[in-house]
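Down below is the structure, laid out as structure tokens.
Number of protein chains: 2
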Amino acid sequence: MEFGKIIDGKEISSSVRQSVKEDVDKLIAQGLRAPCLAVILVGERKDSQTYVRNKKKTAADLGINSIDKILPESATQQEVIDIVRAFNNDSQIDGILVQLPLPSHINEETILNEIDISKDVDGFHPINIGKLSMRGRKPEFEPCTPKGCIELINRSGIEIEGKRAVVLGRSNIVGLPVAMMLNNRNATVTICHSKTQDLKERCKEADILVVAIGQAKLVKKDWIKPGAVVIDVGMNTDENGKLCGDVDYAEAKEVAGHITPVPGGVGPMTIAMLMKNTLTSAQKKLLNC
Amino acid sequence: MEFGKIIDGKEISSSVRQSVKEDVDKLIAQGLRAPCLAVILVGERKDSQTYVRNKKKTAADLGINSIDKILPESATQQEVIDIVRAFNNDSQIDGILVQLPLPSHINEETILNEIDISKDVDGFHPINIGKLSMRGRKPEFEPCTPKGCIELINRSGIEIEGKRAVVLGRSNIVGLPVAMMLNNRNATVTICHSKTQDLKERCKEADILVVAIGQAKLVKKDWIKPGAVVIDVGMNTDENGKLCGDVDYAEAKEVAGHITPVPGGVGPMTIAMLMKNTLTSAQKKLLNC
Numbered sequence: 000m001e002f003g004k005i006i007d008g009k010e011i012s013s014s015v016r017q018s019v020k021e022d023v024d025k026l027i028a029q030g031l032r033a034p035c036l037a038v039i040l041v042g043e044r045k046d047s048q049t050y051v052r053n054k055k056k057t058a059a060d061l062g063i064n065s066i067d068k069i070l071p072e073s074a075t076q077q078e079v080i081d082i083v084r085a086f087n088n089d090s091q092i093d094g095i096l097v098q099l100p101l102p103s104h105i106n107e108e109t110i111l112n113e114i115d116i117s118k119d120v121d122g123f124h125p126i127n128i129g130k131l132s133m134r135g136r137k138p139e140f141e142p143c144t145p146k147g148c149i150e151l152i153n154r155s156g157i158e159i160e161g162k163r164a165v166v167l168g169r170s171n172i173v174g175l176p177v178a179m180m181l182n183n184r185n186a187t188v189t190i191c192h193s194k195t196q197d198l199k200e201r202c203k204e205a206d207i208l209v210v211a212i213g214q215a216k217l218v219k220k221d222w223i224k225p226g227a228v229v230i231d232v233g234m235n236t237d238e239n240g241k242l243c244g245d246v247d248y249a250e251a252k253e254v255a256g257h258i259t260p261v262p263g264g265v266g267p268m269t270i271a272m273l274m275k276n277t278l279t280s281a282q283k284k285l286l287n288c
Numbered sequence: 000m001e002f003g004k005i006i007d008g009k010e011i012s013s014s015v016r017q018s019v020k021e022d023v024d025k026l027i028a029q030g031l032r033a034p035c036l037a038v039i040l041v042g043e044r045k046d047s048q049t050y051v052r053n054k055k056k057t058a059a060d061l062g063i064n065s066i067d068k069i070l071p072e073s074a075t076q077q078e079v080i081d082i083v084r085a086f087n088n089d090s091q092i093d094g095i096l097v098q099l100p101l102p103s104h105i106n107e108e109t110i111l112n113e114i115d116i117s118k119d120v121d122g123f124h125p126i127n128i129g130k131l132s133m134r135g136r137k138p139e140f141e142p143c144t145p146k147g148c149i150e151l152i153n154r155s156g157i158e159i160e161g162k163r164a165v166v167l168g169r170s171n172i173v174g175l176p177v178a179m180m181l182n183n184r185n186a187t188v189t190i191c192h193s194k195t196q197d198l199k200e201r202c203k204e205a206d207i208l209v210v211a212i213g214q215a216k217l218v219k220k221d222w223i224k225p226g227a228v229v230i231d232v233g234m235n236t237d238e239n240g241k242l243c244g245d246v247d248y249a250e251a252k253e254v255a256g257h258i259t260p261v262p263g264g265v266g267p268m269t270i271a272m273l274m275k276n277t278l279t280s281a282q283k284k285l286l287n288c
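In the order they appear, the protein sequences are chains A and B. Here numbering that gives the first Met the number 0 is used: position 91 in the first sequence is 90, and no number is missing along the way. Here numbering that gives the first Met the number 0 is used: position 272 in the second sequence is 271, and no number is missing along the way.
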């Protein structure tokens, strides 16, 4: 049995970005236009501004166009809806991303439901989640962070089918969709959450453990089955103000077979998958595939 | 610990139907119209004809109007779509049900996606399944058989929150949605299927076991945790041609705390829940609630 093999999200995401760039170059070489991602940011949250800047920079690096619409905190819901609709109708735009969270006077569900599902590169529309959950249906796009988790597992040469997978957390953005994607790939999936009894015992049953519960270093060494694959989606700060995951990495890596560090694990995958979804959307439109 | 308590689906469904009838009577007493269910049947399958007849009879018993559209096996997909659209636009119709399976030349997904989600009383539209799966979203309607399973558990006085629930089967009609509904109610849910290893051991972990896998008497006495609640969605015929479930009832009831028989368990709940969904749809429209 192998122990402590690090799943290098920086390297894997770089490889994904490289392959996206090559496919973008192919579109251009065929005389077609570059993919285009439209980003909507409402308000002045520093973290949201950073995320948007990073997305635009990555897009530029890969030859993907991006346009943004920055609105003041005071923007009305209708103004945001109008922009989404204009982007829906613009045939030059392949993906629409509304940076979350939105100011509290704007209903997130209402806005996300407005996005044309053929441009929902975040994969958050209920139709996309419904199709992701159902047998024999295919969503337009798989949500970026869960898709990144699966990519990390696949690229580490780990078989998913027949494994026991435990997902800690059931958010719409990570926990629930990653559980559905593991189920689609024939793992036997258990979904754990704040009301789960004996959380430690449940985690210990996992061959593949995905943790997305937002509690710094919750998962300890003795929560992990020896040799298990541990995917840590957490992004917290520890007692010293240092970035850390939901898993106590220093001790967990002694027991886990494969494990993602924080930072440098799942984090870099989300943007890479967003770029991949934007490319896929452009390819569907431009190549009719 | 209690053993072998029978969950009586006939009695519980009768009580649900009674309460639907009372609410229909209230609508009429207020001078409003009766709820109306529209049923579309394509082809001449004997089992489908029986299901449709039963649904219409139950509706009539409860004061719910029903109309049907019977099409020959040779009907085109466009003809079915046109009928669905006409029903969508008819303000007198509260629920639309397309009897499945459809003939093989008609795409089931295409047809089901045409149904206005505010009339999707079967709850099979991907938007409904998406909202059922997501936190903080509410589907227009919960699918009838899974809703019936939850009702049986609730009316037996069994707490779901914090329990381990295992669902055997992941179909769009039963397994997947019932897993999501148990998760919504704060059970810790494991979804098992044909690729699950050690199926017996997984079942034995369940405080609540829902079996919907379509194999006669698969689940034996030693697959069940003593005292567990066993909900059997199966409808098979045994070696003597007798109707039986996916659970070996005769021996399972010695170990289970509560168990549904087949027939007389989940079976009668599906139609009762369809009537309840049709009533709810009418109430939303007529009472603006």
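Note that beta-carbon positions come from the ideal geometry of N, C-alpha and C, so glycine has one too. Nothing here was measured: the structure is a model prediction, and the numbers come from that model.
Annotation: I223(B) to I159(B) spans about 17 Å, alpha carbon to alpha carbon. With its beta carbon at least 8 Å from every one in chain A, P225(B) lies outside the interface. R44(A): not part of any beta strand (DSSP E); DSSP gives it neither H nor E. The DSSP-derived three-state label of D245(A) is coil. Taking K199(A) as the centre and dropping the five residues before and after it, the same chain places the C-beta of W222 closer than 6 Å to its C-beta, in chain order. Secondary structure remark: continuous beta strand (DSSP E) runs of at least 3 residues inside the segment 163-248 of chain B, in chain order: 163-167, 187-191, 207-210, 228-231. Every alpha helix (DSSP H) stretch that sits fully inside the segment 135-159 of chain B and reaches 4 residues is listed by chain position as 143-154.
Look at I11(A) here: in three-state DSSP terms it is helix. Looking at G94(A), E108(A), D93(A), the one whose alpha-carbon comes closest to that of P100(A) is E108(A). With respect to the 8 Å criterion, A164(B) and D206(B) are classified as neighbours on the basis of their beta carbons. K220(A) and I270(A) have their C-alpha atoms some 30 Å from each other.
Contact between I11(A) and L181(A) is absent: CB atoms are separated by about 18 Å, not below the 8 Å threshold.
Relative to I6(A), the option among K194(A), Q282(A), C243(A), R154(A) whose CA is nearest is R154(A).
Chain-order list of chain A residues neighbouring G168(B): empty, with the shortest C-beta distance near 10 Å, by a criterion of under 8 Å. With the rule of 3 Cβ pairs closer than 8 Å, the segment 112-124 of chain A does not count as touching the segment 237-255 of chain A. Under the rule that a run must span 4 or more residues, the alpha helix (DSSP H) segments found entirely inside the segment 40-120 of chain A read 45-61, 76-88, 107-113. Under the 8 Å Cβ criterion, the segment 142-151 of chain A counts as touching the segment 258-273 of chain A, having at least three qualifying pairs.
Q29(B) and L36(B) have their C-alpha atoms roughly 20 Å apart. Looking at the backbone, the Cα of I212(B) and that of H192(B) are separated by about 8 Å. For P125(B), the chain A residues whose Cβ falls inside 7 Å of its Cβ are I126, G129, K130, M133, R136, in order along the chain. Taking a Cβ-Cβ cut-off of 7 Å, the neighbours of E160(A) in chain B comprise K194, given in sequence order. A Cβ-Cβ separation of about 4 Å places I128(B) in contact with G129(A) under the 8 Å criterion. With contacts defined by Cβ atoms closer than 8 Å, T277(A) and V38(A) do not form a contacting pair. Put simply, of N64(B), R44(B), M272(B), P71(B) the residue whose alpha carbon is nearest the alpha carbon of D93(B) is N64(B). With 16 or more other Cβ atoms from the protein chains shown falling within 10 Å of its own Cβ, Q98(A) counts as buried. In this chain, the alpha helix (DSSP H) harbouring K130(B) covers 125-132. With a beta-carbon spacing of about 32 Å, I105(A) and G62(A) fall beyond the 8 Å limit used to define contacts. Secondary structure at I5(B): strand, using DSSP grouped into helix, strand and coil. For G266(A), the enclosing alpha helix (DSSP H) begins and ends at 266-286.
In this structure, DSSP gives A28(B) a helical state, which the three-state scheme calls helix. With contacts defined by Cβ atoms closer than 8 Å, T259(A) and I230(A) form a contacting pair. Per the coordinates, the alpha-carbon of R136(B) lies some 28 Å from the alpha-carbon of D67(A). C-alpha of S103(B) to C-alpha of G168(B): approximately 23 Å in a straight line. Using a Cβ-Cβ cut-off of 8 Å, V188(A) counts as an interface residue toward chain B, since at least one Cβ of chain B sits closer than that to its own. According to DSSP, V38(A) shares a beta bridge with D67(A), L96(A).
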